[in-house]
Each structure stands twice: as structure tokens, then as C-alpha cells.
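Working notes, structure below.
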Amino acid sequence: MAPINPVNIDFSSLNLVTLAPMLVTLIGALVILIIDLIKKDLDKSLYVTLTILTLFIAVGAVLSLNLNERGLFDTILIDGVAILGQLIILIGSMLFIPLALTKKRFHEFSYPEFFALFLFMIFGFQFMVSSDNLILIFIGLETASLALYPLIAMHNTRASIEAAIKYFTMGAMAAGFFAMGAAVIYGVTGSVELAVVADVLKSRMSEAGILIPVVGGALLLLVAIGFKVSLIPFHMWTPDVYEGSPAPLAGYMSIIPKIAMMVVAVRFFNIYLDLDIVSVKNLIIILAIVTATLANMMALVQGDVKRMLAYSSISHAGFIMVALALDSLKGYSSIFLYYGLFLFTNLGAFAMLWVSRRKAKLFHDRFHHPYEKFAGMIHKAPIAAVIMAIFMLSLAGVPPFSLFWGKLYVLSAIVDKGYYLVALIMALNSAIAVYYYLKLIVYMFLKPADKDKEEVTIYANRALSLEVVIGFAAFVTITSIFYIEPLMKFITDLVKSSGLV
Amino acid sequence: MSNILTVLIFFPLVAGLFGFLVSQKSIRVYGIAVAAAEFLLSLWLWFSFDMKNAGMQFVEKINIIPEFGISYYLGVDGISLFLVVMTTFMTLIGIIGLSIKKDIKNMIITLLFLEVAMVGVFVALDVILFYIFWEFSLVPMLYIIGAWGGEKRLYAAIKFFIYTFAGSLVMLVGILYLAHLYQSTTGEWSFALTDWYKLQMDLDVQKWLFWAFFLGFAIKVPMFPFHTWLPYAHGQAPTVGSVILAAVLLKMGTYGFVRFSLPLFPDASVSAILPIAILAIIMIIYTAMVAFAQKDIKQVIAYSSISHMGVIVLGTFAMNVEGIAGSIFLMLSHGIVSGALFLLVGVIYDRKHTKLMDEFGGLAKVMPTYATIFGIMTMASVGLPLTIGFIGEYLSLAGFYKVSPIMTILAGTSIILGAVYMLAVLKKTFFGPITKEENKSLKDLNAKELTALVPLVAIVVWLGVYPKPVLAPIDTSTKALVELMHQKAQTKEAKATILVSKTKEAK
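For the record, the sequence lines run as chains E and Y. Numbered as in the numbering used here, the first sequence ends at 723 without a single skipped number. Numbered as in the numbering used here, the second sequence ends at 519 without a single skipped number.
What follows is the structure, given as C-alpha cells:
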């Protein structure tokens, strides 16, 4: 197919149904903007509920999509991976948005634009995961990113503005790499559509010297993906941005943008893995190992729980990245399983930090959530301490909590493919990681609170909606053993139907 | 009641959750009542157990993740039966002897959760289920050491957790590889241990897997050179923590050897006899010497506990019925005796807040009952005939004698060295003149402590004189185990080493 051929447009290939979930979020965002235009002094609770309802309808629209249909002039591909990606994004967003209803007032949530931007961002991510056209992926990525930067900055502290600018600069650079990578791929294959790229590459693989541009393009895209998924050495922005953002947004950023980019990575690198280009495969594995290991080391020495969670989420990203390189059904499925479970646990953990947020930094000059803040929490707030401990144990991979199953499937997929050493390294990484998760548990359960701060309540920002979200996340984390089977089956069926393996 | 194992696992869990409703004042009685009920349930299991049957009994199997072959699969045989009974018994004794005042409610609930994990480990026949209980047992123990321990409790608790966690993650990779192997030979996923028993593997594969599992188990036992966490854990843990740790948690490692390493990898096990025996003998002699050098009574017992675990490992790797059955019996007797000794140290620690031998002397005059019980337990620990300690130790060593007489003689020094350091404790603490004025007014055992200790003394004497009711079912199941290993063994060397002596005579 020729890349630019405006004459042959057939409007039946618009197939608007495939766009339905995205249109829902788009319309929702516009409705919020219009309401704001008409009436000014509305409370944030209205916008929160409107956003949730929009997302709810979008989930419904996703579930009613037909598998393996194309739309928007063949640029949208609704396959199993796209559906899974959209579901995780929408469910994660639904969990996130009630966290805006806090007891304390925060600057950003008083603006209706926050919610409109939030929905625009989701729109971008949805686009990203449901397209197999590099240009459209790029547009989705930029829409989402440009909406995300102001969301961070709207927190309106020095740190958050710094974080937004840092993220923006880094994000712009990543976008540049993405564009260059896409250009190289286009140069080699004459197409930006991944299906066509795969066919052309397959036919040209025997040509001499073809590997240099092919692998070069992959490298450029890997840099862009590495930025978004926060692989070492492209991770520098992550801890600072998480530290500057409000806790729930940091938790959100540790999952949703990453799963969106992960879907793109799955689509793109699957071409290379199918062609058996070993250098790319090895590169992914090496990056994954380096990411998981180094991020763990850095998490060990953090003094702030939020920064620790930032590094831990980098490490988890590295852990999952290995599954990408396996090119097996179990590997791809376990990516989605892992992110699906990680979503609840990690967002729950960040939400726990959010509950404990107050305006003044009582415990540390720089950090909002130093470890010392949680000392003696078992006596101040026993249930909260137990829930936080469960989240930490789950992140550490202690059975029977949810992430243990994610770990089990990923490790099993690695072992199935014969990478025993990689599996061993990843397993030992979990043993390193358990130290910093335990550190928080030790502070909460085993250390007495500071004498002069004994009276300070830890959860100053508590509100019903936060409790509901955290309670739900904890419930999902604890009861995982009962739903892993149907969940994994659902994921495997969808992944299988998208024909990656 | 065919689902008694499920009841045994989940009764303490439910009781622990309900424990949150009981008030701080009455929680002690609640804990004792629950632990006693659990113990009675395990006795019921014992009495309804068919002694003649060598295979798994009370089997329950519910698929949890059929696609991936994970199931809720329980069963008990002669090997695990008494470990379950000992677990519930020692938990009961531990709760009765509890002398902690601070946060006693949390302590009792934690102990009940720990009991869930411990019973689960011994009755799980699905390897993932086993792994879940195995890992989960770390969490309550971390809390017990960390919240009620001594000065360096945080260091000890974290060291304990990370050491064992790291070892078991290596084991997890081994488990997953074995599952993959099973899947590629049979085409189906299964984590059921009884399925895995049927798997034939090449010697090379066996060796890798054997050492992966070994690491997980050896850290738990703890075998030299992975033993360094244990003295810290014992030194810092509260009395009840040490009792449970020594009596039950360490047995998980040796139980793992018997249940997993030997029958799954018979050839690799035989090829590993020499290195493991050397490690075990170093463990026996070295830690016995370290024990002799300690000034703190609790540390002496901690190191003696490691030393005796060496004998258990040696007996296990004798690969014959005597050795394995003996080591299982020794697991039980070591549980009872070391648990009792830690309780006894707890008694004087409660009175004087020190565990140093120099602070005592001539206690036999002030606390005669205490001295008597301590003496009996010392004798049992040393392995005096007609006490529980003798039978297991004798059988283990006799079993290993068939493998290597020289190494057995070396290991036999454990009995002599044990006598040296334990009698030294006895002499310094209980005999001679009363050197410290304040020791003259120490009170003898009170009713609570007697209730906890007298049953232990009774068991030590009863099973020392008449071990048959316990030894017979162990023997039956061990024979079946050894036969399975003999059948599975591929190398000539393994066939020759794994002796099914009694069945051969019958033929």
C-alpha cells in the first residue's frame, strides 16, 4: 500500500464503532468544558462524578467492541491487546479520579479544566494502544503527554512545576526519538503501518546491510519507549517527577502511561522478535535486567517513601520488560496480568501516601513522606498500617497477595523459554527489593513514634472516597487467589486473538 | 471428617480474625482455648489415621488454577502427621507459657496466623500451595521477633526475613523449571507433588534442581554456612518466638529435604551425599564448639540446636530407612527438647532479666523443681538412653553408618561435645555455691510454667521409653519413600546406596 494516497478513501472504512470508547472520553471532556463555560461556581464533586460516569460508559463501549476490526481508514486496529490496554487504562483512571475528593483542599482539583485535561489524556492513551500506525501512535502519545504535563503543574508548588518542566523536556526529547525512529522505519519499509512494516521487513531481511537501519530504527524507538516506561538509563526524570507530583498522580503515572507505551512496545517489537533479530531481543533483556537491578539498588537508599515507590516502580517495569522479549503467549499475557495487578497494589500504596498528606512538611525539610513519618503507625492507625503493610508485601511478591501471581507467571514464562539465568537474576532482585518494602513495615509496626510528634495524626487528608478506593485496592490485593484463573484466561484469550504469537 | 486438614489449617485463621474482637484482658484464655482445640483436632487426626497405610491420607484436592495446574491439594502421611501434631502442641505450650505483658493480643493473634502457615507447610501437597505457606510463615515471625525482641531485634528480624526469602526465591525458580519440565514431558501443567514424583529426569537436570531446592531448605535448617541468621534470631526473639522457631520453623527445612529433595531427585541426592555430609559434620562439630564458648545460656541452646539439626540432615542423607525414619523422629524430639529448653531459659530470664551463666550458680538449692526439669531436658538434649533424644540420634547415626563409618564417628562426637557444653551449663547454673545474694530469693516454677513444662517432660520420658506408636507409622511411610527412590534411581551408584533393606530380606 502506498503511504500517501488520498484518492482511494472509502468511507465505509471509517468504521466509527471502533472509535466509540475514545469518542466517549472526548465528548465527556468537552461536556465538562461546556459546563464550566456556562456555570462557574460548581463543586469538584460534580466533575469527579461526571468523569467517573464518562469512564464507565467508555468501559462499556470497550467491552462491546468486536475483535480484530479496523477503523478510521485502517489506522485503528481493535485487537485483543488494544482492548486489554484500554481496559487497564480506563479502570486505572476510574480508581484514580475519586482520590480528588480529599478532606484538604488542593489547588488543582478546584479547576474543572483538570478533569477535562484528564479525560483528554485518557483519550490520547486510548488512541495509542488501539492503533498500529506509527504516526497515529505518535499523535496519541503527544496528546496524552501534553495533557499530562499541566496536570502535574497544576498542583502549584515549586516542586510540581519543576517536575512538570522536567517531564516536559524529557518527554519532548523522547518524542523526538520516536519521530526519528518512525522516520527510519518509514525509510526502510515505505510505510508507517506496522502490519505493512512487518511484511516488507520479512521480504527484505535477506538483503545485505539491511540490519543496520532496521536495528537503528528499533534503537531510536527503544529510547523513546524507554523514556516512557522509565527503563534505566532513561529513568532520570522518574523520581523527581513523582516527588513533585501529588501522590495519586504519581501512582497513576507509574502505571497508565507505562501500560500504554508497553502495548506499543509489544506491537512494535513483536515484528523484530518474529523475524528473530537476536540483537534487539538481547538488548531488551539486558535493559530489563539493568533496570530491575539498578533501580532496586537506588530504592534501597531513599529516605522518602514516595521516591522509594518511584524507584520500585522502575524496578517493576524492568521486571515486566523481560516478558516482552520472550515472544510467547504466556509472556505477553503475563505483562497484562502483572500490570493489571500492579495497578491496584501500587495505586493503593500511593493513595495511602495521599491520605497522609498535609500541607506542611512536619517531618522533614524536603520530603512529604519520609520513613520517620510512619513510625508507630500501628498504634496511631492500626487498620491503615495493616493495609499499607499488605500493599508492601504484595509489591515484594510475598504470597498469597496479588503480585506474587504476577511474579509467578512472569518467572514461569521466562523459565519456559529457557532463560534460567535471567529468571534467577530477577528472582534475586525480588530478594533485594524486599528490604526496602520491609523498611516501611518496620517503621510502621516496630518503631515507636517520635516523642514530640506522637499526637500528630498520620492521615490528615482522610475522606470517604479515599477510603473506598484504598479498601477496594486492598480487597483486590488480598483475594487474588480466587480470581487469578478467570482473569488469566480472559487475558490469554484476548492476547491469543491478536495474533502476536 | 474427611476434610479435617482444611479445618486444621483454617481454624486458627478464623480464630485469629475473631481474636480481634476479644478484649485484651481475656485474650490469653482465648488463645489457650483455640490452641487447645487445634491440638485436640490434630490428635483426632492422629487417632483416625490409618497406621498401616503408607500413602497419603485425608487427601483433598480442589483445582484453583486448572490451566496452570495449581490446586488446593492436601494430604498427610506418617512423615508429616507427627510434625503437624508437634506444631499444634508446641503452639499450645508456647501460648500457655507466654510471659509477655505488652500487646499480648497482637502476640496471640500473630501466633495463630503463624500456626496456619506452619500446619499448611506440612500438609500441602501442591508445590505452589506449599510455597505460599512457606513464604507466609516469615511474616508473623518477623513481627514476633521485631516487636517483642531484645535490643537488636530489628536487625535480627530483617536478617531472618531476607535470608530465608532469598533462598526460597531461588527455590521458586527451581519449582517453575520443574513444572515446565513436567509440562514438556506430559503436556499438562501440574504442581501436584504426587505427579512430580513420577517424573524421571536426567542426572544433570536433577543436579541443578537439587541445588536450587537445597538453597531454599538449607537456609531454613539452617545449614553451615547459611546459619548466621539463627543465633541472632534466637538471641533477640522473645521466648515464645524462640520456642516456635526452634521447634517448628527449622523443621520445615529438613522436612523439605525429606519430602522434596530425596524423592524428586534421588540420583542427585546420592551424588550430593559427600558435600552435604561434610557440611553437616562441620555444622555439628563447629557449632558445638561455638556453643561451648558462649556465656549466654540462650546462645548455648541456639548453637546446640544448630548442631543437632546437623545430625538430622546427616540422617536424612543416609538414604536408608533407619536414617530417614531416625531423622524424622529426631525432628520431633529436637522440637520438644529445644522448645522446652528455650522455655526454661525464658523462665529465669523473666525472673532476673539476664541469661548470662555467670549471674547464676547454685540455683538447684533455690529452685529445685526448675533444676530437675532443666536436668531432664539437658539429658534428653545430650541423647541419654531412655529419653526422647537418644532414639532419633541413634537411628540417624546408625543409618549413616552404612554410608560412611568414618564420617559417622566424626558426627558421633556431637553426643560427646553436646554433653560437654550442656553439662557445663548445668554445672555453672545449678550447682556450686550460690554466689549472688539476690539469687537466694528466686521463686521456683509457678503453676503456669509447670503447666507448660510438665507435659513436655512426660513426652520426653514416654517416647524415650516407648517410641513405637510414633516410630511405627513413620517407619511405614519412610519405607514407601525409600522404595520410591530406589525405583526411580537411574545411576548404579544411587541404586546401591538407596537401600530398601527390609523388603529385600523379605524377598
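For each residue, glycine too, the CB sits at the ideal point set by N, CA and C. In this text, all values refer to a predicted model and were calculated from it rather than measured experimentally.
- In the DSSP assignment, S83 (chain Y) falls within the beta strand (DSSP E) that extends over I82 to V88.
- No Cβ of chain E is located within less than 8 Å of the beta carbon of L123 (chain Y).
- The way I'd put it, the stretch 337-352 of chain Y does touch the stretch 252-272 of chain Y; three or more beta-carbon pairs between them come closer than 8 Å.
- Cβ-Cβ distances below 6 Å link A259 (chain Y) to M102, G347 and G351 in the same chain, with the five nearest sequence neighbours on each side left out; the list follows chain order.
- Taking 8 Å as the cut-off, the Cβ atoms of L584 (chain E) and V488 (chain E) do not count as close.
- Annotation: the continuous beta strand (DSSP E) that includes E291 (chain E) extends over E291 to G293.
- Shown in chain order are the members of the stretch 704-721 of chain E whose Cβ falls below 9 Å from a Cβ of chain Y: F704, I706, E707, M710, K711 and T714.
- Straight-line spacing of the CA atoms in A304 (chain E) and F345 (chain E) works out to 13 Å.
- Around the beta carbon of E79 (chain Y), a 10 Å sphere encloses fewer than 16 other beta carbons of the protein chains shown; the residue is thus reported as exposed.
- Residues of chain E whose Cβ lies closer than 7 Å to the Cβ of Y155 (chain Y) are, in chain order, F667.
- Using a 10 angstroms sphere on the CB of W208 (chain Y), the tally of other CB atoms reaches 16 or more, which defines it as buried.
- When rounded, the separation of the alpha-carbon atoms in Y657 (chain E) and I170 (chain Y) is 8 Å.
- Chain-ordered listing is empty here: chain E has no CB closer than 8 Å to the CB of E200 (chain Y), the nearest sitting near 14 Å.
- Contact of V252 (chain Y) with chain E by beta-carbon distance below 8 Å is absent, the smallest such distance being about 17 Å.
- A contact between stretches requires three or more CB pairs, one per stretch, nearer than 8 Å, and the stretch 68-83 of chain Y fails this requirement with the stretch 310-326 of chain Y.
- Residue nearest to I231 (chain Y) within the set Y:I157, Y:L110 and Y:M183 is Y:M183 (criterion: CA-CA distance).
- Scanning the stretch 240-328 of chain E for uninterrupted alpha helix (DSSP H) segments of 4 residues or longer gives 242-260, 266-285 and 302-318, listed from N- to C-terminal end.
- Each of E:F564, E:L443, E:A603 and E:L686 was checked against the Cα of F623 (chain E), and the nearest Cα belongs to E:F564.
- The closest CA to that of L190 (chain Y), considering only Y:I256, Y:Q212 and Y:Y175, is found on Y:Q212.
- When the alpha-carbon of I359 (chain E) is set against those of E:I298, E:E384, E:I706 and E:M376, the nearest one is in E:I298.
- Between L650 (chain E) and chain Y, the shortest Cβ-Cβ separation is below 8 Å.
- The beta carbons of L531 (chain E) and A482 (chain E) sit about 20 Å from each other, so the pair does not count as a contact at 8 Å.
- Inter-segment contact for the stretch 111-126 of chain Y and the stretch 30-48 of chain Y is present: three or more beta-carbon pairs are separated by less than 8 Å.
- In the three-state reduction of the DSSP assignment, F667 (chain E) falls in the helix class.
- Comparing alpha-carbon positions, the option among E:I319, E:D672, E:M484 and E:S382 lying closest to P468 (chain E) turns out to be E:S382.
- The DSSP assignment places no complete run of the beta strand (DSSP E) inside the stretch 327-367 of chain E (cut-off: 3 residues).
- In chain order, Y143, I144, E147 and F148 make up the part of chain Y whose C-beta sits under 7 Å from the C-beta of P621 (chain E).
- Nearest in C-alpha terms to S315 (chain E), of all of E:D496, E:T273 and E:T411, is E:T273.
- F272 (chain Y) and S92 (chain Y) have their alpha carbons spaced roughly 13 Å apart.
- Counting only unbroken stretches of 4 or more residues, the alpha helix (DSSP H) elements lying wholly within the stretch 626-673 of chain E are 642-663, in sequence order.
- In the three-state scheme derived from DSSP, where H, G and I count as helix and E and B as strand, P592 (chain E) is classed as strand.
- Per the C-alpha coordinates, the member of Y:E163, Y:L276, Y:L422 and Y:G228 positioned closest to M295 (chain Y) is Y:L422.
- C-alpha of S720 (chain E) to C-alpha of A685 (chain E): approximately 42 Å in a straight line.
- Taking 8 Å as the upper bound for CB-CB distance, S413 (chain E) and V422 (chain E) are in contact here, some 7 Å apart.
- C-alpha of S234 (chain E) to C-alpha of V246 (chain E): approximately 21 Å in a straight line.
- In this structure G250 (chain E) is buried. Its beta-carbon is surrounded by 16 or more other beta-carbon atoms within 10 angstroms.
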